[in-house]
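The structure appears below as structure tokens.
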Amino acid sequence: MEQSALFQQIVGLIAAIHRGTHEMTSTVKPDDVTPLQYQMLEYIWLHPLVTLSEISDCLHISMPNTSRELKKLTEKQLCEKIADNDDRRKSYIQLSPKGAALMGQAFRELEAQFARQWAGASPDELREIGQAVDVLRKIFP
């Protein structure tokens, strides 16, 4: 396959993933959590003990905005800060037990949505999808 055609396929796939992510997460996000706060919770769920700057960099939001939203999540008892014992200037963010329960439920609902979406796929097609994901993860670590 020509590189330009492959590039167009990948761009289309990324756009479809973004659209699907938005549609799926809008149904599992609690009403009292904003879309940005949900993205932060999701990132912390997938990357335990993360720093404020890592969240800011990954989600492409300013440090002041990240800090402000994290404060709101902390007030909702969904996140907590952990001080680094070796460097008091550094702190890590993790989900609180309430936040972990919330995200655990959200991911169970997302998994159920995926199961419904792929219900018509054959075992061979599911295996091919898994292999394709493995290849993509090797190329885009």
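Per full-length UniProt numbering, the sequence shown starts with residue 1, numbered consecutively. For each residue, glycine too, the CB sits at the ideal point set by N, CA and C.
Option nearest GLN117 by Cα separation, candidates THR21, GLY12, GLU80, PRO141: Selected option, being the one with the closest Cα: THR21.
Completely contained beta strand (DSSP E) runs for the UniProt domain "HTH marR-type" (3–141), where each covers 3 or more residues: If we require 3 residues or more, the beta strand (DSSP E) runs fully inside the UniProt domain "HTH marR-type" (3–141) come out as 79–83, 91–95.
Contact belief for GLU109 with VAL28 at Cβ below 8 angstroms, rounded distance in angstroms: With 8 angstroms as the limit, GLU109 and VAL28 qualify as a contact, their Cβ atoms being about 5 angstroms apart.
For HIS18 and THR74, the rounded distance between their alpha carbons: Taking the straight line from one Cα to the other gives about 27 angstroms.
Sequence-distant residues of its chain with Cβ nearer than 8 angstroms to SER62 (five each side left out): Cβ within range, chain order: SER56.
Neighbourhood of ALA121 by C-beta distance below 8 angstroms, restricted to the same chain and skipping five residues each side: If you ignore the 5 residues before and after ALA121, its C-beta comes within less than 8 angstroms of the C-beta of ILE129, all in its own chain and listed in chain order.
Meets three-Cβ-pair contact criterion under 8 angstroms: the region 36–55 and the region 81–95: The region 81–95 and the region 36–55 touch, with three or more beta-carbon pairs separated by less than 8 angstroms.
Beta carbon of ILE69 nearer than 7 angstroms to that of LEU102: A small correction: the amino acid at residue 69 is Glu; Ile does not occupy that position in the sequence shown. Cβ atoms of GLU69 and LEU102: not closer than 7 angstroms.
Residue from LEU52, LEU6, ASP84, GLU23 with nearest C-alpha to LYS71: Selection LEU52, LEU6, ASP84, GLU23 evaluated against LYS71 yields LEU52 as nearest (Cα-Cα).
MET40, buried or exposed, once every other Cβ within 10 Å from all chains shown has been counted against 16: So MET40 counts as buried.
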